[in-house]
Each structure stands twice: as structure tokens, then as C-alpha cells.
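Working notes for the structure below.
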Amino acid sequence: MASNPHHDMEENLEAIEHQPTAELVIAVWEGDEAGVRSALDRGARPEVTVPTKAGVSCSLLTVAASKGHNHLLRHLLQAGLSIEGGDTTDMTPLMLAALRGHAHTVKMLLDLRGNPLAMDSDGLTALHFAAMEGHQQCVAVLLPLTPPTPAHLEADTPVHAASHCGHVEVLEQLAGAGWSLTARDSHGNTPMHLAAIEGCAAVVQWLVQRGCDPHVQMKDGRTPLECAVQHGRHEVENWLVKNCSGVVRSKTLRVEEVMAWRVEHERLHNKILSLLVEGNEAAMACIPEVYDGHTLSQDGLTPLHAAALCGAPSGTVEALLRQGVSPHVTTPDNMTPADLARQQGHDSVIKGLQCHHCVQFLLAARVHGDRAGCKEAG
Numbered sequence: 020m021a022s023n024p025h026h027d028m029e030e031n032l033e034a035i036e037h038q039p040t041a042e043l044v045i046a047v048w049e050g051d052e053a054g055v056r057s058a059l060d061r062g063a064r065p066e067v068t069v070p071t072k073a074g075v076s077c078s079l080l081t082v083a084a085s086k087g088h089n090h091l092l093r094h095l096l097q098a099g100l101s102i103e104g105g106d107t108t109d110m111t112p113l114m115l116a117a118l119r120g121h122a123h124t125v126k127m128l129l130d131l132r133g134n135p136l137a138m139d140s141d142g143l144t145a146l147h148f149a150a151m152e153g154h155q156q157c158v159a160v161l162l163p164l165t166p167p168t169p170a171h172l173e174a175d176t177p178v179h180a181a182s183h184c185g186h187v188e189v190l191e192q193l194a195g196a197g198w199s200l201t202a203r204d205s206h207g208n209t210p211m212h213l214a215a216i217e218g219c220a221a222v223v224q225w226l227v228q229r230g231c232d233p234h235v236q237m238k239d240g241r242t243p244l245e246c247a248v249q250h251g252r253h254e255v256e257n258w259l260v261k262n263c264s265g266v267v268r269s270k271t272l273r274v275e276e277v278m279a280w281r282v283e284h285e286r287l288h289n290k291i292l293s294l295l296v297e298g299n300e301a302a303m304a305c306i307p308e309v310y311d312g313h314t315l316s317q318d319g320l321t322p323l324h325a326a327a328l329c330g331a332p333s334g335t336v337e338a339l340l341r342q343g344v345s346p347h348v349t350t351p352d353n354m355t356p357a358d359l360a361r362q363q364g365h366d367s368v369i370k371g372l373q374c375h376h377c378v379q380f381l382l383a384a385r386v387h388g389d390r391a392g393c394k395e396a397g
């Protein structure tokens with residue numbers, strides 16, 4: 020995606036030697052309408068572009084749009100500048116106004132025949148940028164002029180952008196205008212995959228509530244849950260486990276086969292819990308590899324919760340972690356396995372959990388240690 024083209028622009032004004040033109044650039048930057056008219060009357064060259072540290076040069080119309088100076092747009096257009104920018108950045112003035120959230124500027128640029136369907140080098144339109152930043156007013160202005168055509172659905176859509184950045188309100192707007200909530204980008208990512216990767220739990224919940232499949236797979240076969248686990252997004256992981264687990268997905272299984280599978284699955288889970296209660300480490304090797312580490316018992320417990328409650332040996336805890344049982348899932352009372360182990364005083368479980376080197380887990384352990392030290396000092 021293009022970098023911000025007006026970054027540090029004021030530091031580059033010295034590169035413009037023609038005095039009226041330099042004054043014009045300053046007036047545009049500051050939104051000084053009288054200064055713009057004066058500089059143009061004295062022969063300022065409006066076609067000048069302003070270099071930036073990002074390595075691009077911006078037209079004065081682009082500068083005005085990015086700053087929200089819509090009162091300058093007509094002056095600059097009448098001086099001969101293009102509504103689409105005419106500089107070395109691939110972002111149009113309309114895109115920059117949308118990115119910055121200047122709804123009035125967006126509307127004026129559209130009234131002046133700015134193209135809402137223009138795309139940058141990544142195929143993004145002004146609506147993408149507004150959705151990305153959560154600018155609802157800009158989205159409302161652009162939606163009627165950016166229909167969800169098949170061409171837009173072949174890659175990243177504004178729904179992907181809003182999901183990636185966690186803007187549920189914008190998703191409501193896009194869904195109401197007919198944009199698909201399940202479109203795939205070139206990597207096979209749905210909006211839910213992107214929300215899971217970025218840890219946008221509210222978006223994941225909203226998409227599921229709107230009927231999106233929480234078990235959908237991207238091209239490499241990963242589900243939103245697997246994406247959340249891989250990227251350490253434990254709030255998303257926890258919510259998906261509690262609300263979307265236990266669904267068998269197969270096109271070939273009959274209802275009877277599904278029911279039989281569920282009975283066997285629960286039997287295996289209960290077997291795991293009983294082994295943990297007995298503290299049987301050797302039997303852990305007999306647990307089938309098909310076991311789902313995110314499966315919950317009817318009481319909302321994972322095997323690690325059971326291990327924490329009964330004080331299982333550290334080796335048992337480590338074996339469960341190796342098999343993919345998550346230490347981040349919480350009970351209906353919002354207790355992690357580590358919370359339960361500390362509550363019960365089971366140091367062997369805490370020792371076993373320490374082999375899990377997740378940043379979030381280590382931080383939680385450090386915070387608990389600091390609190391314990393404070394209590395002892397008191």
C-alpha cells in the first residue's frame with residue numbers, strides 16, 4: 020500500500036526556488052485561500068509537485084485534499100490541475116481525503132468529477148481507505164458510488180479492509196450496501212481470517228453472528244481459529260473455542276456417522292480427564308492423535324483445566340501442551356488453567372505450564388509474580 024505522501028512535506032519547501040510558487044505551496048498547506056489567490060495572480064506555477072521523504076511528489080491538489088482544505092479545490096482546478104492528482108504517488112486526492120476522514124472534501128471532489136472507482140497499485144479504491152481507517156461519514160458518501168461489482172470481489176474488498184482493522188460499524192454499512200462478508204482475497208482469506216489474524220475479536224463475533232462460517236478454510240487449509248492460535252490472538256481463540264467448537268465438517272458423512280463420531284469423541288475426552296485425575300503420565304502416549312486440543316467438556320473444561328484442578332504432574336501438563344491443548348482457553352468463570360493451578364496451590368501444574376513460551380502467558384506469569392511479591396512485602 021502506498022505510504023503517506025504528505026509526510027514531512029513542510030521540510031521540503033526549500034527545494035522550491037520560485038518565490039510566488041513557494042508562497043503558493045505554503046498557502047495550500049496552511050489552507051490560506053487569500054494567499055493561494057495572491058500567489059496565482061503573481062504567476063505562481065500550480066503544476067509544481069512537492070517532494071516528500073517517502074520518495075514521492077505530491078500535486079498541490081493532493082496536498083489540499085489530504086489536509087481537508089476543500090475551499091481551495093476549485094481555485095487549483097481552475098489553475099489547470101488534474102482532479103486525479105498528476106503526481107508520482109498512485110493515490111488520488113480522493114483517496115487521500117478518504118484516508119484522512121475529510122468527508123466534506125470527499126463529497127466536493129466527487130461533485131467535481133473525481134473518480135471513486137480509481138485504484139492504486141494494490142487495487143484499492145477510496146472506499147477501501149475510508150473503511151480501513153473507520154471513517155463512517157466518508158464510507159457513507161462513497162458507498163452509493165462504489166457498487167460491489169464482481170471486479171471488486173476478485174481481491175481485497177472494503178470488507179477485508181474494515182475487518183482487518185476492527186471496524187464493526189463500517190462492516191454494518193458495507194453489509195447494508197450489499198458487500199459480501201465471505202469474499203476471498205488472492206490468498207483465500209475471508210474477512211474472518213483477517214480479523215482473527217489481527218486479533219479483532221469484536222469483528223469475529225459480529226461475522227459469526229451474521230452467519231459467516233467460523234470453520235471456513237483459506238487456501239492452505241487454515242481456519243480462523245488456527246490463524247488466531249498461530250498469531251497469538253488468544254481473545255479470538257478463546258471466543259471461537261467457547262462458541263464455535265464441536266462441529267463436524269464433512270460432505271460424505273451421514274447423520275448416523277456424525278452422531279457416532281461425536282459419541283466416540285466425547286468418550287475419548289472423558290478418558291483424558293480420567294487419566295488426568297489419576298495423574299497417569301504414561302497413559303498420555305495412548306491418546307489418539309486426532310484429539311482436538313480445543314475441545315471442551317460439558318462443563319466447559321479443557322484437559323488442562325482438569326489437570327490444574329487435580330494437581331497433575333508437570334509431565335502430564337507438558338504432554339497436553341505438546342498435543343495442542345491450549346493454555347489460553349478460559350472456563351465459564353473466565354479462569355485459565357494457570358489461574359486454577361494458582362488458586363489450588365498446585366505448583367507442579369505451574370511448572371509444567373512454564374514450558375509454554377507464549378509472550379502473553381509469560382507476561383501474565385510475571386504480573387502474578389510481582390503481585391505475590393508485593394503481598395509478601397506487605
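Its first residue numbered 20, the sequence shown is counted upward by one per residue in the working numbering. No residue lacks a Cβ here, since even glycine has one placed at the ideal position from N, Cα and C. Given the structure is predicted, the values throughout are model-derived calculations rather than measurements.
Nearest candidate by alpha-carbon position, reference G104, set D139, K126, R119, H90
When each option's Cα is compared against that of G104, the closest is D139.
Provide the residue(s) that pair with V69 in DSSP beta bridges, ordered along the chain.
Secondary-structure assignment with DSSP links V69 through a beta bridge to C77.
Rounded separation between V235 and V255 - CA only
If you take the alpha carbons of V235 and V255, they lie about 15 Å apart.
Starting from L359 and walking both ways along the alpha helix (DSSP H), at which residues does that stretch end?
Per DSSP, the continuous alpha helix (DSSP H) segment holding L359 begins and ends at 356 to 363.
Tell me whether the beta-carbon of V178 lies closer than 9 Å to the beta-carbon of A215.
No, the pair does not count as a contact, with Cβ atoms beyond the cut-off.
Can you tell me which of H347, R119, D239, L340 puts its alpha carbon nearest to the alpha carbon of L259?
Comparing C-alpha distances from L259 to each of H347, R119, D239, L340 shows the shortest one belongs to H347.
Can you give the beta carbon distance from H186 to M237, rounded, assuming they're within the 8 Å contact cut?
In this structure H186 is not in contact with M237, their Cβ atoms being roughly 21 Å apart against a cut-off of 8 Å.
For G319 versus K370, is the C-beta spacing smaller than 9 Å?
With respect to K370, G319 sits apart: the two C-beta atoms are not nearer than 9 Å.
Coarse secondary structure for K238, derived from DSSP in three states:
In this structure, K238 counts as coil in the three-state DSSP scheme.
By the DSSP assignment, the alpha helix (DSSP H) with R56 in it spans what residues?
Unbroken alpha helix (DSSP H) run through R56: 52 to 60.
L193 to L162, Cα distance in whole Å?
Taking the straight line joining both Cα atoms gives about 8 Å.
Cβ pair D360, D352 closer than 9 Å:
For the sequence presented, residue 360 should be read as Ala rather than Asp. Taking a C-beta distance under 9 Å as the contact criterion, A360 and D352 do not qualify as a contact pair.
Helix, strand or coil at E256 [DSSP, three-state]
The DSSP-derived three-state label of E256 is helix.
Given a threshold of 16 other Cβ atoms within 10 Å of its Cβ, counted over all protein chains shown, does P166 qualify as buried or as exposed?
Classification of P166: exposed, given that the 10 Å Cβ count is below 16.
For V344, three-class secondary structure by DSSP
In the structure shown, the three-state DSSP call for V344 is coil.
Going by DSSP in three states, A41 sits in which element: helix, strand or coil?
In the three-state reduction of the DSSP assignment, A41 falls in the helix class, which pools H, G and I.
Among A117, G62, A181, D60, whose alpha-carbon lies nearest the alpha-carbon of A83?
Nearest in C-alpha terms to A83, of all of A117, G62, A181, D60, is A117.
According to DSSP, simplified to helix, strand and coil, what is H154?
H154 falls in the coil class under three-state DSSP.
Secondary structure at S17, three-state DSSP: helix, strand or coil?
Look at the range of the chain in this structure, 20 to 397, and you will see that residue 17 is not part of it.
Looking at the structure shown, is M211 part of a helix, part of a strand, or coil, going by DSSP?
In the three-state scheme derived from DSSP, where H, G and I count as helix and E and B as strand, M211 is classed as helix.
D239: which of H121, D232, N208, G230 sits nearest, CA to CA?
Nearest C-alpha to D239: N208.
Residues near A174 in its chain [Cβ-Cβ closer than 6 Å; skip 5 each side]
Within the same chain, G142, D204, S205 come within 6 Å of A174 by CB-CB distance, once the 5 residues on both sides are set aside.
Under 6 Å Cβ to Cβ from T40, same chain only, skipping five residues before and after it: list those, please.
Within the same chain, A63, R64, V67 come within 6 Å of T40 by CB-CB distance, once the 5 residues on both sides are set aside.
Helix, strand or coil at L96 [DSSP, three-state]
Three-state result, L96: helix.
D130 to V344, Cα distance in whole Å?
Taking the straight line from one Cα to the other gives about 57 Å.
At what residues does the alpha helix (DSSP H) containing G218 begin and finish?
Looking at the DSSP string, G218 is not in any alpha helix (DSSP H), and its letter there is neither H nor E.
CA-to-CA distance, L96 to N89, given in whole angstroms:
A straight-line Cα-Cα distance of about 11 Å links N89 and L96.
Using 9 Å as the threshold, is the C-beta distance between R241 and H212 below it?
Cβ distance < 9 Å, so R241 and H212 count as in contact.
According to the Cβ coordinates, are E42 and G50 closer than 9 Å?
At a Cβ-Cβ threshold of 9 Å, E42 and G50 do not count as neighbours.
For the segment 82 to 135, which segments carrying the alpha helix (DSSP H) assignment without a break, of at least 4 residues, lie completely within its bounds, in sequence order?
Counting whole runs of 4 or more residues, the segment 82 to 135 contains the alpha helix (DSSP H) stretches 92 to 97, 112 to 119, 122 to 130.
DSSP three-state label for L323, please.
Looking at L323 - three-state DSSP - the assignment turns out to be helix.
Return the Cβ separation of S78 and L92 in integer angstroms, given the expectation that the two are a contact with Cβ distance under 8 Å.
In this structure S78 is not in contact with L92, their Cβ atoms being roughly 12 Å apart against a cut-off of 8 Å.
What did DSSP end up calling C374 once you bin it into helix, strand or coil?
Three-state result, C374: coil.
Per-residue burial, R61 [other beta carbons within 10 Å of its own, 16 or more giving buried]
That one is exposed.
Under 7 Å Cβ to Cβ from G330, same chain only, skipping five residues before and after it: list those, please.
So the qualifying residues of the chain are Q363, H365, S367, V368.
Specify the secondary structure class of T335 as computed by DSSP and reduced to three states.
Helix, per DSSP.
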